[in-house]
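Residue numbers (my numbering): 123 to 268.
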């Protein structure tokens, strides 16, 4: 029976988030589609080379891993938001900081509150950095210059 892949791909995203982190691309050999036994038609390497630059993330049949998601592009024309995992990481950071700082809404606008707020956000970002989700400034500059 043929079924649309959307729900299964959402499952790949969820599994990637849980097992590897939201900062990892939900694609490649680690992004197998659970339960899928095949594709309606095979996707060739040539097709992949055409689809991916056009922001289409195809599914492909991998000999060792079954059906896998083979691309992690967004539809954004902004190169900063080219990849799904980058966009999802920043959405996660933004939402987490918003939710994690609701306590500050009715606090006094003073140095003590600002210090606590900076510490809360810094600790959260440090945890992400230790997980490998954020690059150090020097690494970022090296990556941008390539």
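We put the CB at the ideal spot given by N, CA and C, even for glycine.
Between the Cα of residue i and the Cα atoms of the options, which residue gives the shortest distance?
i	options	result
residue 156	162, 146, 127, 180	127
residue 214	144, 136, 123, 234	144
residue 224	238, 212, 182	238
residue 218	199, 243, 173	243
residue 131	140, 148, 124	148
With residue i and residue j assumed to form a contact (beta carbons below 8 Å), what rounded beta-carbon distance in angstroms separates them?
i	j	result
residue 192	residue 180	5 Å
residue 195	residue 204	6 Å
residue 182	residue 165	5 Å
residue 190	residue 184	5 Å
residue 226	residue 235	6 Å
Whose C-beta lies closer than 6 Å to the C-beta of residue i among residues of the same chain, with five residues either side of it excluded?
i	result
residue 187	151, 154
residue 256	250
With a threshold of 7 Å on Cβ separation, who are the neighbours of residue i within its own chain once the five nearest residues in sequence on each side are excluded?
i	result
residue 146	138, 207
residue 248	none
TODO: Determine contact between the stretch 227-237 and the stretch 155-173, defined as no fewer than three beta-carbon pairs at a distance below 8 Å.
DONE: The answer is no - the stretch 155-173 does not touch the stretch 227-237, with fewer than three Cβ pairs under 8 Å.
Task: Completely contained alpha helix (DSSP H) runs for the stretch 173-239, where each covers 4 or more residues - done: DSSP runs (the alpha helix (DSSP H)) wholly in the stretch 173-239: 206-222.
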